[in-house]
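Asker: Take a look at this one; I'll ask things after.
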Amino acid sequence: WDDFFRILYIKPYARIGPYLVGIVLGYILFRRKEQETRKFGLIALSAGWIIASGITLACLFGPYHQHFSLATRTFYNAFHHTCFAASLAWVIYVCLTGQGGKSILKHLTDSLMRHK
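Position 52 of the sequence shown, counted from 1, bears residue number 56 in the working numbering, the numbering being contiguous throughout.
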């Protein structure tokens, strides 16, 4: 474990995928201020949320108590950080562009204010 941590885990190139996802998202959000934001349709938004949720759940709970082949474990370890960052980038993008839907917190506070 110590060799793995020292040789691979703490090296910056081991996390270049999520870093690049964040850089691309930041660039897109920066350019959004200069241009008109394209709104997604209901089908595209629904598909995006379903895919992002599926990727997030697969990254978090996919390998839990599973015994996969070496090829599957290698693929998972190579891409799960980047896939998780991409699904999180989707959530951030649609929320910052006003397409994230009504948040649960806003719904709860609105309903509490109506009852007063």
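C-beta: ideal position from N, C-alpha, C; glycine also.
Okay, do the stretch 77 to 90 and the stretch 45 to 61 touch, 3+ Cβ pairs below 8 Å being the bar?
Answerer: The answer is yes - the stretch 45 to 61 touches the stretch 77 to 90, with three or more Cβ pairs under 8 Å.
Asker: For the structure I just gave you, are there three or more beta carbon pairs, one from the stretch 62 to 81 and one from the stretch 18 to 31, closer than 8 Å?
Answerer: Verdict: no, contact absent.
Asker: According to DSSP, simplified to helix, strand and coil, what is I14?
Answerer: Position 10 of the sequence shown, counted from the first residue, corresponds to residue 14. Three-state result, I14: coil.
Asker: Would you give the residue range spanned by the alpha helix (DSSP H) that H69 belongs to?
Answerer: Against the sequence shown, residue 69 aligns to sequence position 65. That residue, H69, is in no alpha helix (DSSP H); it is neither H nor E in DSSP.
Asker: Do three or more CB pairs link the stretch 45 to 55 to the stretch 66 to 74 at distances below 8 Å?
Answerer: In short, these stretches do not touch, since the Cβ pair count stays below three.
Asker: How far does the alpha helix (DSSP H) with F34 in it reach, from first residue to last?
Answerer: Mapped onto the sequence shown, residue 34 falls at position 30. 20 to 36 is the span of the alpha helix (DSSP H), which, as asked, contains F34.
Asker: Candidates K43, L46, I96, S91: which alpha carbon is nearest C63's?
Answerer: On the sequence shown, residue 63 is found 59 positions in, with the first residue counted as 1. Residue S91 is the option with its Cα nearest to C63.
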